[in-house]
Each structure stands twice: as C-alpha cells, then as structure tokens.
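In what follows, a single structure is set out as structure tokens and then discussed.
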Amino acid sequence: MAALGMIETRGLIGAVEALDAMLKTADVSYAGQRRAGGGLICVHIEGVVAAV
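First residue of the sequence shown: 1, per my numbering; consecutive thereafter.
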C-alpha cells in the first residue's frame with residue numbers, strides 16, 4: 001500500500017536537510033515540493049505506509 005507524506009519547513013535549507021534525512025533512513029522517494037508562501041516549503045515524499 002502506498003502513502004504520501006508531506007513536511008512543511010520554513011526555508012529551503014530546512015526542507016533539504018529534512019528530505020536528506022528521510023531519504024537516507026527510510027524507504028521513501030522524493031515526489032516533489034511546492035512553495036506554500038511566507039517562506040514555507042512543502043516537501044512531498046511517497047513510499048509504503050510504514051516508511052512514510
């Protein structure tokens with residue numbers, strides 16, 4: 001079963017660091033990102049439910 005996860009950070013550096021940690025420690029893949037306004041970045045990941 002597939003799941004979509006999202007994490008919202010203030011600034012791009014925090015988003016990149018969080019994504020790097022997730023990709024290295026869990027069986028997830030990068031699904032994209034978007035700017036949420038006000039300096040917020042929303043990173044999307046996907047994978048099995050237990051990993052997300």
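A virtual CB, placed ideally from N, CA and C, is assigned to each residue, including glycine.
From residue i to residue j, what does the alpha carbon distance come to, in whole angstroms?
i, j, result
"A2", "V43", "17 angstroms"
"A50", "I13", "26 angstroms"
Here's the rule I'm using: 16 or more other beta-carbon atoms within 10 Å means buried, otherwise exposed. How should residue i be labelled?
i, result
"T9", "buried"
"I41", "buried"
Round the Cβ separation of residue i and residue j to the nearest angstrom and send it over; I've been treating them as touching at under 8 angstroms.
i, j, result
"G11", "I45", "Their Cβ separation, rounded to whole angstroms, is 18 angstroms, which puts G11 and I45 out of contact at 8 angstroms."
"D27", "V48", "6 angstroms"
"A15", "Q33", "7 angstroms"
Nearest CA to the CA of residue i: which residue from the options?
i, options, result
"V52", "G38, A36, T25", "T25"
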